[in-house]
Amino acid sequence: VSRSPIYSHFGETVSGLSVIRAYKHQERFLKHNEITIDENLKSVYPWIVSNRWLAIRLESLGNLVVFFAALFAVISRETIDSGLVGLSISYALNVTQTLNWLVRMTSELETNIVAVERVSEYCEIENEAEWVTQHRPPENWPQAGRLQFIDYKVRYRPELDLVLKGITCDITSSEKIGIVGRTGAGKSSLTNCLFRIIEAAEGHILIDDIDIATIGLHDLRNNITIIPQDPVLFSGTLRLNLDPFDKFSDENIWRVLELSHLKDYITGLEEGLQHEVAEGGENLSVGQRQLLCLARALLRKSRILILDEATAAVDLETDNLIQNTIRKEFSHCTVLTIAHRLHSIMDSSRVMVLDAGKIVEFDSPNNLLEKRGHFYSMAKDAGISQQTVTSL
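Going by UniProt numbering, the sequence shown opens with residue 1, and the numbers climb by one from there.
Dropping the structure here:
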């Protein structure tokens, strides 16, 4: 237990060396490392002392056994067979070693049983819903991309409070919705619910009049596209990352790469689409990883697209490239954008403002600014005025 923080901190330090050096936080991390080692030594020292304490007593006990075996052999020398004497003393000499082994094995069993407990915990985790059910949606579902939340409530565990508290709204086909709110307002929870990563406590979500709780997870997740804040890339070729199931031709892939402004970069690579991507895309910049995720979304062209703070970690130039491509190529799709930068959702059809798991405002950006409510104060902090919205 006390070793885990050491390994965890060491791994975090190694993976973030460049950031630590950039902000000159070496001393802070060294100090924290020393603290975790000290905490570990507080447990290791008593363990070593107790082992020595036990070893001395076991050694003494073993010596006593040998002593009494030899003593009884001398006392009974006239009545006991010499072979039996040799056998008893040879076994007595092994008592100390056997006792040490027994205690050590018992101690190791107690230590390693934690691993069994962890495996058992994973085995007892409740499974997700069925991957494919008998009730399957139409093959071309969703056609319109209409989303309806009906008194939707969610909690992460049965004993915890509600995270989303009665979300009710109707998002029409091809509508562009911006979702904003303070940290902990429930923005990411809302998108997790669309993929049924979190199951509903109460209420329903309908996509084109089909309750997502009645269909399999494969059918649901295969028909919704998300571009997350942290781009997910696998070790393998660029082509594998864009089209893992080999459904599209090279022509289609080059087309989406051009739309996502990556064609020139990949053309300049010696292997082209066969260029190897490192685990997590470590040999690509953050902007390039995000543009690859955009290309993947363009390739699938689902009727519903979710942007979960997709441009929060990229520079303004890459942000503008992504936003312009989405406006042009996903004009016929329903787009939900969780915004980190309010500028990216000011041209949305409507903006949903969440606070403590509830929708407190839901209207066009212009109307919300006129109301001078939650959204107005957030826009004011970001330096956005009605003139900015009008110019967009």
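Even glycine gets a Cβ: it sits at the ideal position worked out from N, Cα and C.
For this session: Pull up the DSSP beta-bridge partners for Gln-148, would you.
Result: Asp-170, Leu-206
For this session: Have a look at Thr-172, Arg-239, His-261, Leu-54 and flag the residue whose alpha-carbon is nearest the alpha-carbon of Glu-271.
Result: Between Glu-271 and the set Thr-172, Arg-239, His-261, Leu-54, the nearest pair of CA atoms involves Arg-239.
Problem set entry | Collapsed DSSP secondary structure at Ile-306 in the structure displayed | Three-state DSSP puts Ile-306 in a strand.
For this session: Out of Gln-274, Trp-254, Ile-338, His-261, state which residue places its alpha-carbon closest to the alpha-carbon of Asn-324.
Result: His-261
Exercise. Buried or exposed: which applies to Phe-72, given that a residue is buried once 16 or more other Cβ atoms fall within 10 Å of its Cβ?
Worked result: Exposed.
Problem set entry | Residue range of the alpha helix (DSSP H) that includes Leu-105 | The residue you asked about is not Leu; residue 105 is Met in the sequence shown. Note, Met-105: alpha helix (DSSP H), 95-123.
For this session: Pair every Cβ in the region 80-89 with every Cβ in the region 36-54, then say whether three or more of these pairs are closer than 8 Å.
Result: no
Exercise. Going by DSSP, what residues sit across from Asp-355 in a beta bridge?
Worked result: Lys-358
Problem set entry | Assigned secondary structure, Val-19 (DSSP; H/G/I helix, E/B strand, else coil) | Per DSSP, reduced to three states, the secondary structure at Val-19 is helical.
For this session: Determine the extent of the beta strand (DSSP E) in which Ile-80 is found, giving its start and end residues.
Result: That residue, Ile-80, is in no beta strand (DSSP E); it is neither H nor E in DSSP.
Exercise. Val-154 by DSSP, collapsed to three states: which one?
Worked result: strand
For this session: With DSSP collapsed to three states, give me the class of Asp-363.
Result: strand
Problem set entry | Asp-315 in three-state terms, based on DSSP | coil
Exercise. Which first and last residues belong to the beta strand (DSSP E) in which Val-132 is found?
Worked result: Element bounds for Val-132: n/a, residue is neither H nor E.
For this session: With DSSP as the reference, label Thr-183 as helix, strand or coil.
Result: coil
For this session: Would you kindly report the start and end of the unbroken beta strand (DSSP E) that includes Val-256?
Result: Here Val-256 belongs to no beta strand (DSSP E); instead the alpha helix (DSSP H) covers 250-259.
Problem set entry | Stretch-stretch touch, CB-based, cutoff 8 Å, three pairs: the region 168-176 with the region 142-156 | yes
For this session: For the beta strand (DSSP E) containing Ile-227, list its first residue and its last residue.
Result: 224-227
Exercise. Less than 8 Å separating the beta-carbons of Thr-36 and Ile-6?
Worked result: yes
For this session: Note the first and the last residue of the continuous alpha helix (DSSP H) segment covering Thr-267.
Result: 263-267
Exercise. What residue from Glu-199, Ile-345, Val-277 has the CA that sits closest to Glu-130's CA?
Worked result: Checked all of Glu-199, Ile-345, Val-277; the closest Cα to Glu-130 is Glu-199.
For this session: Kindly identify the DSSP beta-bridge partner or partners of Glu-276.
Result: DSSP output for Glu-276 lists Thr-237 as bridge partner(s).
For this session: Over the uninterrupted alpha helix (DSSP H) stretch that includes Leu-294, give me the two end residues.
Result: 286-300
For this session: Assign Leu-162 to one of three DSSP states: helix, strand, or coil.
Result: Coil, per DSSP.
For this session: Report the residue from Gln-148, Ile-226, Ser-82 whose alpha carbon sits nearest the alpha carbon of Leu-291.
Result: Ile-226
For this session: Compute the Euclidean distance between the alpha carbons of Phe-362 and Phe-10, then round it to the nearest angstrom.
Result: 45 Å
For this session: With DSSP collapsed to three states, give me the class of residue 410.
Result: Outside the modelled stretch of the chain, which goes from 1 to 392, sits residue 410, for which no answer is possible.
For this session: Please list, in chain order, all residues of the same chain as residue 420 whose beta carbon is under 6 Å from its beta carbon, the five residues on each side excluded.
Result: With the chain represented from 1 up to 392, any question about residue 420 goes unanswered, as that position is not in the structure.
For this session: Verify whether the separation of the beta carbon atoms of Gly-357 and Val-49 is less than 8 Å.
Result: no
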